[in-house]
Amino acid sequence: MSTQKRILSGIQPTSESFHLGNYVGALKQWVELQEGNDAFYCIVDLHALSGEIDPSLLRKRTLASAAQLIALGISPEKSTLFVQSQVPQHNQLGWIMECMAGFGEASRMTQFKDKSAKGGADSARVGLFTYPMLQAADILLYQAHYVPVGEDQRQHIELTRDLATRFNTRFGDTFRIPEGFILKSGAKIYDLQDPTAKMSKSSGSTSGVLEIMDTPESNAKKIKSAATDAEREVKFDEKAKPGISNLLTIHSTLSGKTITDLEAEFAGKGYGDFKAAVAEVVVEYFRPIRTKALELLEDESQLISILHEGSQKAREVATETINSTYRNLGIVQ
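The C-terminal position of the sequence shown is numbered 345 in the numbering used here, with every residue numbered one higher than the one before it.
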């Protein structure tokens with residue numbers, strides 16, 4: 013019997029390219045967590061339906077997400093990489109989790125409150141409201157020990173634990189109670205045009221976002237146009253020099269050089285030289301990843317075959333869980 017701990021995490025296919033913030037904040041650690049763990053990584057396309065739906069874009073983005081994950085280092089040999097919709101047990105257990113959850117606790121989920129507040133209650137979809145219950149099902153289906161998430165997902169992990177405990181208490185031990193593995197904060201990457209806001213495509217403009225699949229020329233241009241201050245000193249000072257501090261963090265994160273070493277290296281040099289150096293580091297770091305992802309997308313049938321293999325492995329585990337869940341509920345099978 014394997015002594016490895018099972019890891020489960022997922023990402024929505026909401027765009028055709030991950031950005032540097034995604035990579036540094038989560039995906040880089042996904043790659044590291046493959047070693048010594050039984051890792052399950054899911055492209056959660058059903059969750060993406062809770063927003064605006066464009067069928068052609070959803071398909072394109074799902075495949076692009078898969079290609080980038082593999083190019084970044086997620087190995088189909090080491091991990092189970094799969095698409096949520098190809099495992100129907102997610103929906104089956106999602107309904108059961110909805111039946112376990114109280115309306116009050118579901119209403120307290122901040123994601124629904126925040127997003128519905130932005131667009132108005134009438135425009136918010138029920139799928140966004142029930143999103144956390146499907147997310148709980150995503151986790152519990154695979155009897156995960158740990159769920160690597162950001163701090164903003166802590167509330168969803170607590171709901172998952174509550175629902176699993178409630179079910180186990182009423183109907184017998186069925187689900188492992190997962191632990192939220194809060195990803196180490198590491199470097200925080202900010203928007204190039206607004207270095208006080210985190211790098212995110214939800215900002216409404218892509219000019220401050222470094223995308224993995226963007227052309228080298230485009231990313232270099234974004235860096236050279238990054239907002240800075242009126243001085244010339246390359247120094248880390250998040251309050252007085254947020255733009256330069258962000259660029260120092262980006263360079264340090266990808267090059268492995270310390271902030272102190274970079275400050276010394278660019279002492280007496282202007283921002284133009286520094287931005288050019290940051291652009292070169294980013295472009296060369298992304299180049300092999302982008303090339304590999306494009307190669308995978310060129311052979312779409314092979315990429316889909318990889319996802320089918322992962323989804324088959326995921327279904328085998330999910331089937332065991334849903335069968336025991338139904339049995340404990342008294343559902344005739």
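The C-beta atom is built at its ideal place from N, Cα and C for all residues, glycine as well.
- One alpha carbon belongs to ILE201, the other to SER217, and they sit about 16 Å apart.
- Around the C-beta of VAL344, fewer than 16 other C-beta atoms lie within 10 Å, and the residue is accordingly described as exposed.
- At a Cβ-Cβ threshold of 7 Å, ALA60 and THR92 do not count as neighbours.
- When secondary structure is reduced to three states using DSSP, LEU20 falls in the strand class.
- Nearest Cα to ALA330 within the set GLN16, THR15, LEU20: LEU20.
- Boundaries of the beta strand (DSSP E) harbouring TYR158: 158-161, taken from the DSSP string.
- Here the alpha carbon of LEU195 sits roughly 30 Å from the alpha carbon of SER230.
- With a threshold of 16 other beta carbon atoms within 10 Å, ASN34 meets it and is buried.
- Distance from the CA atom of GLU250 to the CA atom of SER257, rounded to whole angstroms, is 6 Å.
- For ILE55, the enclosing beta strand (DSSP E) stretches over residues 49-55.
- Excluding sequence positions up to five before and after LEU308, its CB lies within less than 8 Å of the CB of ALA78, ALA79, ILE82, ALA83, GLN314, LEU315, all in the same chain and listed in chain order.
- Here the alpha carbons of HIS263 and PHE187 stand approximately 43 Å from one another.
- Shown here for THR337: same chain residues with a beta carbon closer than 7 Å to its own, the five before and five after excluded, namely LEU105, ILE108, THR186 in chain order.
- With a threshold of 16 other beta carbon atoms within 10 Å, GLU223 meets it and is buried.
- Taken through DSSP and simplified to helix, strand or coil, VAL295 comes out as helix.
- For GLU170, the enclosing alpha helix (DSSP H) starts and ends at 166-183.
- Within 10 angstroms of the beta-carbon of GLN324 lie fewer than 16 other beta-carbons, which makes it exposed.
- Between GLY22 and VAL56, the gap from beta carbon to beta carbon is short of 7 Å.
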